[in-house]
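Okay, so here's the structure we're looking at.
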Amino acid sequence: MESTRTLTDKLFLILKGLGMGAANKVPGVSGGVVAFVSGFYEEFIYSLKKINKKAFKLIINGRFKSFYNYINGRFLSLLFFGMIVSYFSISKILDYLIANYELYVWSVFFGMIVGSIYYINKDFKNWNYKTYISLFIGILAGISISFLNPAKENDNLWFVFFCGIISVSGMTLPGFSGSFILILLGNYVLLLVDSVNSLYDTFSNIINGDFSFLKNAERIRMLKVLAVFTLGSITGLVTFSHFLSYILKHYKNITLSAIIGFIVGSLGVVWPWKKTIYKLTENGNFLLDSRGKKIIENYNRFIPELNSETYYAIFFIFLGIAIVLALEWYGQKTTKIHE
1 MESTRTLTDK
11 LFLILKGLGM
21 GAANKVPGVS
31 GGVVAFVSGF
41 YEEFIYSLKK
51 INKKAFKLII
61 NGRFKSFYNY
71 INGRFLSLLF
81 FGMIVSYFSI
91 SKILDYLIAN
101 YELYVWSVFF
111 GMIVGSIYYI
121 NKDFKNWNYK
131 TYISLFIGIL
141 AGISISFLNP
151 AKENDNLWFV
161 FFCGIISVSG
171 MTLPGFSGSF
181 ILILLGNYVL
191 LLVDSVNSLY
201 DTFSNIINGD
211 FSFLKNAERI
221 RMLKVLAVFT
231 LGSITGLVTF
241 SHFLSYILKH
251 YKNITLSAII
261 GFIVGSLGVV
271 WPWKKTIYKL
281 TENGNFLLDS
291 RGKKIIENYN
301 RFIPELNSET
311 YYAIFFIFLG
321 IAIVLALEWY
331 GQKTTKIHE
């Protein structure tokens, strides 16, 4: 694949990594959908599958170049570079937009997911009773997950490791939002906000020559939580990729139809006009977690009122669809060039 990639392709691959990174942090949105729609999902899964015993043997024997080529290193490095940059930059912009323009952000995401359903379904021709059953199961699974209630925050390191495994599922399973699952597990704020902020503060301290954080028990705890979470994420990424590469190879049509169903079922999570319902105390006050954050109970979905804000939101839905169609057009164009 590397010999056929132009500089433009590589730049677009980094941009796709940016998109995956941003999507992975947003509850209800799946980075895997970005990979699927952008046309590199299978290459992504099969490249991750190459991280196996043979790859580790190449490292142990000092054959780093062979290892890099074996795992499709340039592809993965460009993609992950985009994700890392996104995680520490674009996701901050996204946080700001969600805080100030929540309706429009969710509208764009809703449109992108609708567009991705069209994109995936358009080229899927293998409909039969097996694929219809898997489609139905996928829809039920997506709907069921979107209506679960969140748990309480838990910083037990074994549980944090499990959260890491689950959180990367959105990168490998289109439509399966790892960040939304973290909300359900009660650890979204702990793992994707507080621990990341602790890492920011630590880097800032080190750059300024201040190592007083080493005596800060809370900071060390948060860094330990982040390290275990990262280890769990890496474990999940490699494990899921081996599992998915197997089922894609042996049960591709059933897997793809289930993914389509899951994406359809999860649309409710990103419905733009959802209203967040918080858990309340008996006195009617917001129930807060240990960090003073409001505890989300569920999302109450409702029909939007017809006003200018709604019309703008509808515009952004179509903008989201247009973004996906533009990605599809670019993918088809580059495919023809390579042929």
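Counted the way UniProt numbering counts, the sequence shown spans residues 1 to 339. Even for Gly, the Cβ is constructed at its ideal location relative to N, Cα and C. Given the structure is predicted, the values throughout are model-derived calculations rather than measurements.
- CA-to-CA, the gap between Ser86 and Thr131 works out to about 35 angstroms.
- One thing to note: Ser195 has its Cβ within 9 angstroms of the Cβ of Leu226.
- Distance between Ile317 and Lys125, taken at the CA atoms: about 27 angstroms.
- Going by DSSP, Lys152 is part of no alpha helix (DSSP H) at all; its letter is neither H nor E.
- One Cα belongs to Phe213, the other to Ala35, and the distance between them is close to 38 angstroms.
- Boundaries cannot be given for Leu190, as no alpha helix (DSSP H) includes it and DSSP labels it neither H nor E.
- The criterion of a C-beta distance shorter than 9 angstroms is satisfied by Ile259 and Gly138.
- In the three-state reduction of the DSSP assignment, Lys274 falls in the strand class, which pools E and B.
- Leu58 is positioned such that its CB atom lies closer than 9 angstroms to that of Tyr70.
- If you check the CB distance, Tyr104 and Tyr312 come in under 9 angstroms.
- Counting along the chain, no alpha helix (DSSP H) covers Arg63, and no H or E run does either.
- In this structure, Thr172 lies away from Leu76, with their beta-carbon atoms at least 9 angstroms apart.
- Selection Thr6, Gly31, Thr8 evaluated against Gly17 yields Gly31 as nearest (Cα-Cα).
- In this structure the segment 237-257 touches the segment 44-56; the number of beta carbon pairs closer than 8 angstroms is three or more.
- Taking C-beta atoms under 8 angstroms as the contact rule, Leu182 and Leu191 qualify, at a distance of about 6 angstroms.
- Excluding the 5 residues flanking it on each side, Leu237 has same chain C-beta neighbours closer than 8 angstroms at Leu48, Val168, Met171, Thr172, in chain order.
- The C-beta separation of Ser134 from Ile254 comes to about 5 angstroms, placing the pair in contact by the 8 angstroms criterion.
- When only Cα atoms are considered, Glu309 and Pro272 end up about 11 angstroms apart.
- In this structure, Ile207 lies away from Leu185, with their beta-carbon atoms at least 9 angstroms apart.
- Judged by DSSP secondary structure, Glu305 falls outside any alpha helix (DSSP H); it is assigned neither H nor E.
- The residue among Asn187, Val189, Leu223, Tyr188 with its C-alpha nearest the C-alpha of Asp201 is Leu223.
- Cβ neighbours of Ser257 within its own chain (closer than 6 angstroms, five residues either side excluded): Thr131, Ser134, Leu135.
- Listed in chain order, the non-local C-beta contacts of Pro304 below 6 angstroms within the same chain comprise Trp273, Thr310, local neighbours out to five positions each way being set aside.
- Of the candidates Ala141, Ala217, Glu43, Ala141 places its Cα closest to the Cα of Gly261.
- When secondary structure is reduced to three states using DSSP, Thr6 falls in the coil class, being assigned neither helix nor strand.
- Distance from the Cα of Glu102 is smallest, within the candidate group Val270, Trp127, Ile117, for Val270.
- Between Gly164 and Ser233, the CB-CB gap stays under 9 angstroms.
- Check the Cα spacing between Trp329 and each of Ser38, Ala23, Leu13, Leu11: the tightest is with Ser38.
- Annotation: the continuous alpha helix (DSSP H) that includes Ile165 extends over 157-167.
- With a minimum length of 4 residues, the unbroken runs of alpha helix (DSSP H) contained wholly in the segment 190-249 fall at 195-207.
- Gly111 counts as buried, since at least 16 other C-beta atoms from the protein chains shown sit within 10 angstroms of its C-beta.
- When rounded, the separation of the alpha-carbon atoms in Gly73 and Asn307 is 50 angstroms.
- Contact between Asn24 and Gly268 does not hold, since their C-beta atoms are separated by about 19 angstroms, which reaches or exceeds 8 angstroms.
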